[in-house]
């Protein structure tokens with residue numbers, strides 16, 4: 001993605017996702033510098049956390065023990081991202097999160113002005129934050145169902161920290177797609193191969209809603225339709 005595209009898009013926040021690269025290898029992926037120049041909240045997940053740390057002056061190295069599977073994270077309660085989100089509370093008052101880990105590299109040195117917000121027995125820096133800039137990093141994966149509170153964590157970042165509005169509804173999607181179809185098709189005709197599967201059936205309904213009689217469907221009998 002080009003810096004110009006990111007700047008023109010004007011995001012409320014940015015999520016740097018995980019990935020297969022090794023952050024300390026030559027040529028590994030990096031976030032464009034513009035990401036850190038926009039002044040918007042950033043959440044780095046797994047590799048996203050690692051490259052954020054390295055690009056902002058910290059360091060990441062091979063973990064003493066690679067992790068792949070369930071882990072229990074101790075969350076420090078002073079983080080805006082994780083505050084009051086937990087699966088249970090330990091005797092020290094730290095929230096405990098049941099999460100999914102998948103990494104062989106981990107952040108070993110925090111960037112300047114970042115604080116530790118989460119750790120595990122095997123991963124001393126499982127989460128960090130610069131609260132002033134609203135920069136956050138998580139070594140675990142909140143986007144997978146194995147992390148029980150993952151949806152709550154992502155919702156906290158997107159709606160509370162980034163102040164995004166919940167406008168992505170079925171109705172809005174249909175409205176936007178219908179308008180896109182009208183703009184692209186104009187007064188032309190559309191011929192659609194309709195197999196009766198979910199994809200072609202949904203497309204047929206959207207096309208008909210957008211352009212009506214400009215659509216002609218040709219049924220494709222592939223022998224795999226359900227009897228009823």
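Numbering (the UniProt record's numbering), first residue to last: 1 to 228. Using N, Cα and C, we set each Cβ at its ideal position, and we do this for glycine too.
Item to complete: Within 10 angstroms of the Cβ of residue 168, are there 16 or more other Cβ atoms? Answer buried if so, exposed if not.
Response: exposed
Worksheet item: residue 132 and residue 101: beta carbons closer than 8 Å?
Response: no
Worksheet item: What alpha helix (DSSP H) runs, 4 residues minimum, are completely inside the segment 136–181?
Response: 150–155
Worksheet item: Touching or not, the segment 143–155 and the segment 77–95, by the rule of three or more beta carbon pairs under 8 Å?
Response: yes
Worksheet item: How about residue 97: is its Cβ closer than 7 Å to a heavy atom in the ligand FMN?
Response: The ligand FMN is not part of the structure shown, which contains no ligands of any sort.
Worksheet item: Expressed to the nearest angstrom, what Euclidean distance is found between the alpha-carbon atoms of residue 61 and residue 127?
Response: 15 Å
Worksheet item: With residue 145 and residue 72 assumed to form a contact (beta carbons below 8 Å), what rounded beta-carbon distance in angstroms separates them?
Response: So it is not a contact: roughly 17 Å between Cβ atoms.
Worksheet item: Taking all protein chains shown into account, do 16 or more other C-beta atoms lie within 10 angstroms of the C-beta of residue 25, making it buried, or fewer, making it exposed?
Response: exposed
Fill in: Delimiting residues of the alpha helix (DSSP H) encompassing residue 50
47–55
Worksheet item: Can you name the start and end residues of the alpha helix (DSSP H) that residue 200 belongs to?
Response: 198–211
Worksheet item: Closer than 8 Å, CB to CB, is residue 185 near chain C or not?
Response: Checking the listed chains, one finds no chain C in this structure; it contains a single protein chain.
Item to complete: Could you say which of 63, 11, 173 and 172 lies nearest to residue 123 if we only look at CA atoms?
Response: 63
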